[in-house]
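Undergrad:
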Amino acid sequence: MSDLRKSLVLHGGVLVLLFGLQFVLPAYHHGVVARVMVMASYAIGYNVLFGYTGLLSLGHAMFFAAGMYGMGLTVGVLGTAPALAFGVVAGALLAAVVGALALRTAGVAFMIVTLMFAQAGYLTILYFGTYTRGDEGFVIPQAQRVLGAVDLSDPANRYFAALALFALCLMVSLRLVHTSFGRVLIAIRENEERARMLGYNVFARKWAAVVISGTLSAAAGAFYGLLFGYAGASFAGVQYSIFPLLWVLLGGAGTVLGPLVGTLFMFYLIDLSSGVTSAYMLIAGVALVLLTLFAQQGLMGEVRARVWRWLP
Amino acid sequence: MAAVSLLETRGLSKHFAGLRAVEGVDFTLPEGEVRALIGPNGAGKTTFVGMLCGRIAPSSGTVAFEGRDISHLPAHRRIGLGMAYTFQITSIFARLPVLENVALAARRRLKGAAVTRASLAALERVGLADRADQIAGDLSYGHQRLLEIAMGLVQAPRLLILDEPTQGLADSEIADFKALVRGLVVETTVLLIEHNMNVVMETADRITVLNFGEVLAEGTPAEIRANGAVQAAYLGTG
């Protein structure tokens with residue numbers, strides 16, 4: 003089998019598995035996996051910038067929140083589908099502007115600038131508390147969570163919508179790494195100056211990567227608000243910028259499946275350890291330290307290094 | 003025969019905080035020539051070619067490529083016009099396969115199956131075709147130098163700038179390199195920064211000598227060898 007075919011079989015297999023899981027999972031895990039798939043979509047967006055382009059952003063919560071609030075604040079006026087699109091577009095535009103400004107810096111300065119933009123976004127949400135209801139957030143009424151004739155508050159429909167979003171993000175990511183554009187992103191990650199001196203407009207490509215990454219993150223935010231019926235300022239906070247970084251690092255930066263594996267791992271690590279002890283963050287912390295010590299490339303990164311060299 | 007001038011600089015200077023690294027260089031490179039740029043360490047050679055391809059912004063002066071002023075173009079645009087540049091300190095994509103390194107260089111002008119074809123052909127020319135699937139960082143230092151040259155060749159450049167390409171090559175590899183450069187004459191113009199005098203004398207049509215950032219002399223290898231000022235500054239009196 004060619005490497006491309008192996009990769010298609012593997013990623014297609016994962017989607018089929020996720021599809022099948024909904025029929026066998028108990029109600030609680032059914033909900034968890036739906037949530038994981040939306041968050042993994044967010045992580046896939048993050049991975050485009052961090053894993054493939056080599057740019058570490060500490061402010062991705064602003065894109066997630068742009069999608070969530072772009073959808074949540076307009077859904078009552080526009081209707082469900084247009085509001086969803088509005089959220090995604092809001093995230094894309096925000097990424098276009100923030101990218102153009104933040105990419106004037108590099109390295110640590112880029113991390114700080116993205117962090118500051120995200121903090122500004124968070125404070126903006128609090129400032130306009132009249133509309134956003136600040137920290138408390140607001141519930142999106144069930145009547146507005148109907149896409150076409152599909153009620154997204156119903157668990158089965160919600161699972162299916164989460165899977166559809168995840169499948170789309172996974173395919174975008176998988177397609178990206180096989181295009182010449184994606185390969186140049188990897189080249190920029192590996193050796194930016196060499197890429198520039200091969201004649202590539204490095205700035206333009208990094209900017210495009212920020213926009214793609216921000217758009218996928220916003221799509222995840224918009225879906226999250228719609229599927230779980232809530233938008234709140236905590237989703238714009240700094241921890242929601244750190245989460246995708248952790249998920250991607252754990253799952254394997256620069257691997258297509260890494261974001262899903264990392265998100266799933268982290269959700270269940272916290273879930274299982276909180277069932278054992280109230281000091282569950284201690285168990286999660288130790289597990290994270292062990293992984294960073296012994297699986298520096300993340301779970302899928304190690305799989306690629308040791309078993310499946312062809313893994314994209 | 004009036005040769006077409008491919009590259010021309012007028013009064014090109016670079017000052018670093020008072021240090022005059024390059025000072026008022028007027029330089030003309032006709033098409034189809036192999037030109038060597040020599041000079042003692044710190045003479046400003048790398049700074050000079052850095053200004054040609056846009057890595058370093060000049061303090062003053064102009065650069066023209068094929069008669070067009072490119073002084074204000076960013077590096078990637080100049081590369082797009084047909085310059086290719088190999089770094090003095092090897093710069094490759096060390097964690098990617100050898101073939102992908104060359105393919106990245108090829109993809110800017112080619113698409114689809116032509117990329118792999120041209121990349122393998124370029125690797126063939128530098129003698130690395132059998133190592134196409136290796137990780138570039140696992141190659142020996144000399145082979146990494148050759149890989150960088152292949153990345154230059156595959157761009158089919160109008161001007162190929164090689165910054166100390168034979169540094170770290172074994173004697174047998176240097177012999178192959180000389181033959182390779184002579185073979186390039188029909189397809190491209192070469193600007194070669196080189197310390198190995200043997201390579202310079204055997205490959206270059208003409209030589210430009212830089213000293214303290216200024217052009218000290220220019221001429222054929224025989225003229226440069228006979229030039230007293232060059233001997234004093236660089237070659238040693240022997």
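For the protein sequence lines, the chains are D and U, in the order given. To get the working numbering, take the position in the first sequence, counting from 1, and add 2. To get the working numbering, take the position in the second sequence, counting from 1, and add 2. Glycine included, every Cβ here is placed at the ideal spot set by N, Cα and C.
The beta strand (DSSP E) spanning Val-24(U) covers which residue range?
TA: That run of the beta strand (DSSP E) goes 21–32.
Undergrad: Identify the continuous beta strand (DSSP E) that holds Asp-2(U) and give its terminal residues.
TA: Since the first residue of chain U shown is 3 and the last is 240, residue 2(U) is not available in this structure.
Undergrad: Quick one: Cα of Leu-9(U) to Cα of Phe-29(U), how far?
TA: When rounded, the distance between both Cα atoms is 8 angstroms.
Undergrad: Curious, which full-length alpha helix (DSSP H) runs of at least 4 residues does the region 94–148 of chain U contain?
TA: The qualifying runs are 100–108 and 115–128.
Undergrad: Three or more beta-carbon pairs under 8 angstroms between the region 13–33 of chain D and the region 135–147 of chain D, yes or no?
TA: At 8 angstroms Cβ cutoff, the stretches do not touch.
Undergrad: Spatial neighbours of Val-36(U) within its chain, please: CB distance less than 7 angstroms, with the 5 preceding and 5 following residues excluded, ordered by chain position.
TA: The answer, listed in chain order, is Val-183, Val-187, Val-192, Leu-194, Thr-205, Ala-206 and Asp-207.
Undergrad: Report yes or no: do three or more beta-carbon pairs, one from the region 58–73 of chain D and one from the region 218–229 of chain D, lie closer than 8 angstroms?
TA: Yes, the region 58–73 of chain D touches the region 218–229 of chain D.
Undergrad: Indicate whether at least one CB of chain D lies closer than 7 angstroms to the CB of Ala-107(U).
TA: So, interface residue.
Undergrad: Where DSSP assigns a beta bridge to Tyr-87(U), which residues make up the other side?
TA: Note: Tyr-87(U) sits in a beta bridge opposite Ile-163(U).
Undergrad: Would you please verify whether the beta carbon of Ser-93(U) is less than 7 angstroms from any beta carbon of chain D?
TA: Chain D contact via Cβ: present.
Undergrad: Quick one: using the 10 Å Cβ neighbour count with 16 as the cut-off for buried, is His-180(D) buried or exposed?
TA: So His-180(D) counts as exposed.
Undergrad: Using beta carbons (cut-off 7 angstroms, strictly below), is Ile-81(U) in contact with chain D?
TA: Yes, its Cβ sits closer than 7 angstroms to a Cβ of chain D.
Undergrad: Please classify Tyr-30(D): is it buried, with 16 or more other beta-carbons within 10 angstroms of its beta-carbon, or exposed?
TA: Exposed, by the Cβ-count rule.
Undergrad: Run through chain D and tell me which residues come within less than 8 angstroms of Arg-110(U), C-beta to C-beta.
TA: Those within 8 angstroms of Arg-110(U) in chain D are Leu-200, Gly-201 and Tyr-202.
Undergrad: One question on the structure: do Ala-255(D) and Leu-271(D) come within less than 7 angstroms of each other, judged by their Cβ atoms?
TA: No, the pair does not count as a contact, with Cβ atoms beyond the cut-off.
Undergrad: May I ask you to list the residues that DSSP assigns as paired with Leu-212(U)?
TA: For Leu-212(U), which the question treats as bridged, DSSP gives the partners Val-217(U).
Undergrad: In this structure, how does DSSP classify Gly-33(D) when only helix, strand and coil are distinguished?
TA: Helix at Gly-33(D).
Undergrad: May I ask you to report which of helix, strand or coil DSSP gives Thr-55(D)?
TA: Correct three-state label for Thr-55(D): coil.
Undergrad: From Gly-287(D), Val-186(D), Phe-162(D) and Phe-52(D), pick the residue whose C-alpha is nearest to that of Glu-109(D); which is it?
TA: This sequence places Gly at residue 109(D); Glu is not what is there. With distances taken between Cα atoms, Gly-109(D) lies closest to Phe-52(D).
Undergrad: With a cut-off of 7 angstroms, does the C-beta of His-145(U) fall near any C-beta of chain D?
TA: It does not: the Cβ of His-145(U) has no partner Cβ on chain D nearer than 7 angstroms.
Undergrad: Roughly how many whole angstroms lie between the Cα atoms of Phe-179(U) and Leu-171(U)?
TA: Near 9 angstroms, if we compare the C-alpha coordinates of Leu-171(U) and Phe-179(U).
Undergrad: Straight-line CA distance for Phe-205(D) to His-78(U)?
TA: Each residue's Cα considered, the two are about 10 angstroms apart.
Undergrad: Rounded to the nearest angstrom, what separates Thr-222(U) and Gly-56(D) at their Cα positions?
TA: One C-alpha to the other measures close to 47 angstroms.
Undergrad: Could you give the distance in angstroms between the alpha-carbon of Pro-32(U) and the alpha-carbon of Pro-76(U)?
TA: When rounded, the distance between both Cα atoms is 23 angstroms.
Undergrad: Does Ala-77(U) come within less than 7 angstroms of chain D when only Cβ atoms are used?
TA: With 7 angstroms as the cut-off, Ala-77(U) counts as an interface residue toward chain D.
Undergrad: Could you check whether the region 62–72 of chain U touches the region 107–120 of chain U, counting it as contact only if at least three pairs of C-beta atoms, one from each stretch, sit closer than 8 angstroms?
TA: No, they do not touch.
Undergrad: Starting from Ile-72(U) and walking both ways along the beta strand (DSSP E), at which residues does that stretch end?
TA: Note, Ile-72(U): premise wrong, no beta strand (DSSP E); not H, not E.
Undergrad: Whole angstroms is fine: what's the gap from Val-264(D)'s alpha carbon to Arg-37(D)'s?
TA: Residue 264(D) is actually Gly in this sequence, not Val. Rounded to the nearest angstrom, the two C-alpha atoms are 13 angstroms apart.
Undergrad: What are the residues of the region 158–183 of chain D that lie near chain U, defined by any Cβ-Cβ distance shorter than 7 angstroms?
TA: From the region 158–183 of chain D, only Ser-182 have a Cβ closer than 7 angstroms to chain U.
Undergrad: I'd like to know whether the C-beta of Arg-70(U) is nearer than 7 angstroms to at least one C-beta of chain D.
TA: Cβ-Cβ to chain D under 7 angstroms: no for Arg-70(U).
Undergrad: According to DSSP, Phe-267(D) sits in a beta bridge with which residue or residues?
TA: Per DSSP, none; premise fails for Phe-267(D).
Undergrad: The alpha helix (DSSP H) spanning Thr-257(D) covers which residue range?
TA: Counting along the chain, Thr-257(D) falls outside any alpha helix (DSSP H), and DSSP gives it neither H nor E.
Undergrad: So if DSSP puts Tyr-232(D) in a beta bridge, which residue, or which two residues, is it bridged to?
TA: Its beta-bridge partners are Val-141(D).
Undergrad: Quick check on the burial criterion: 16 or more other C-beta atoms within 10 angstroms. Buried or exposed for Leu-274(D)?
TA: Leu-274(D) should be labelled exposed.
Undergrad: Taking its Cβ as the centre, do 16 or more other Cβ atoms sit within 10 Å of Val-90(D), making it buried, or is it exposed?
TA: Answer is buried; the Cβ neighbour count reaches 16.
Undergrad: Does any residue of chain D have a CB that is nearer than 7 angstroms to the CB of Arg-97(U)?
TA: So yes, Arg-97(U) belongs to the interface.
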